[in-house]
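Counting with this note's numbering, you get residues -2 to 264 for the letters of the sequence shown. Glycine included, C-beta positions come from ideal geometry on N, C-alpha and C. Below: the structure, in structure tokens.
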Amino acid sequence: MMNFDRFNPVILALFGTLFTWFLTALGSGMVFIFKELNRKVLDGMLGFAAGVMIAASFWSLLNPSIEMAENMGIISWVPAVVGFLLGGFFLRAVDMFMPHLHMFSDEAEGIKTSLKRSILLVLAITLHNIPEGLAVGVAFGALNSGDTSANLAGAIALAIGIGLQNFPEGAAVSIPLRREGLSRFKSFMYGQISGAVEPIAAVIGASLVVYMKGILPYALSFAAGAMIFVVVEELIPESQAGEHTHIATLGTMIGFAVMMLLDVALG
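Written out as structure tokens, the structure reads:
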């Protein structure tokens, strides 16, 4: 079996997010099979994605941040609180300026633009793929710290969890784009490209913590705050906007349980 420990953490972060991007593309490929996406299924998928991100924020990011702070002799809650809030504020700033359109909205957010509706829909998904890529990157970058709370299995578990929720997310982008009038191929391409930001964010996140180890607890909680912002701002409201709120809620619980299982069992 290949020994991944000998690889540079930045390279591992890149590999991990190429995997999550691949699953986004795989999900986007569902547009070649289905013409429509049942709203009940969509709400369940959005809920599942929310559950995965909530669980990952604590088990894979905030909890290690607290443990690392203790090991560094820092007041344990300071990096967790400061980084978490900064992550949320950062996503809010990006949300204010980056033009995008939420799935069930007719009014674009961010700066005014003449971009097509289809592009704005893709930008909305791209926006919340940034913290996902960052989270995976920081988790792999933490391996370079030598801290006992950072381990390869936990980073891989996080990448698997993010990848699992990227699959339905890819379908949730490409199939509605097909309904907007795009060809199947264009819908697929736009859907999968929304995940391309993850390897970029991962490499940046991993590089930062590899070369500036002191920011690691803050970086972990920063990624957690950014992900929770996306969950509360987009995923949960969108999943609860239809008639199938119970399906969305069950999806959230299943997503949380799956990510918790992955992290605890593998990490």
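Per DSSP, the beta bridge partners of Glu106 are His97. The beta carbon of Leu58 lies closer than 7 Å to those of Ala132, Leu217, Ser218, Ala220, Ala221 in the same chain, with the five residues before and after it left out. For the 8 Å CB-CB criterion, Gly252 and Gly24 do not form a contact.
Of the residues Trp56, Phe29, Ala254, Ile122, the one whose Cα lies closest to the Cα of Val170 is Ile122. Using a 10 angstroms sphere on the CB of Trp74, the tally of other CB atoms stays under 16, which defines it as exposed.
Gly26 sits close to Phe185, with the two beta carbons spaced by under 8 Å. When only Cα atoms are considered, Ile212 and Lys37 end up about 42 Å apart. Cβ-Cβ distances below 8 Å link Glu240 to Arg36 in the same chain, with the five nearest sequence neighbours on each side left out; the list follows chain order. With at least 16 other beta carbons inside 10 angstroms of its own, Ser142 counts as buried. For Glu33, the closest alpha carbon among the candidates Arg175, Gly188, Leu98, Ile116 is that of Arg175. Beyond the five residues adjoining it in sequence on each side, Arg114 comes within less than 7 Å, by CB distance, of Leu98, Glu177 in the same chain, given in chain order. Excluding its 5 nearest sequence neighbours in each direction, Phe94 has C-beta neighbours in its own chain below 7 Å: Gly107, Ile108, listed in chain order.
The alpha-carbon of Pro76 is positioned some 33 Å away from that of Pro165. Going by DSSP, Leu34 is part of no alpha helix (DSSP H) at all; its letter is neither H nor E. A Cβ-Cβ distance of about 19 Å is found for the pair Pro128 and Val207, leaving them out of contact under the 8 Å criterion. In terms of Cβ geometry, Ala90 and Leu263 do not form a close pair [threshold 8 Å]. Taking a cut-off of 8 Å for Cβ pairs, the stretch 190 to 198 and the stretch 77 to 86 do not touch, as fewer than three such pairs fall below it. Counting every other CB atom within 10 Å of its CB across the protein chains shown gives Leu20 a total of 16 or more, marking it as buried. In this chain, the alpha helix (DSSP H) harbouring Trp18 covers 6 to 25.
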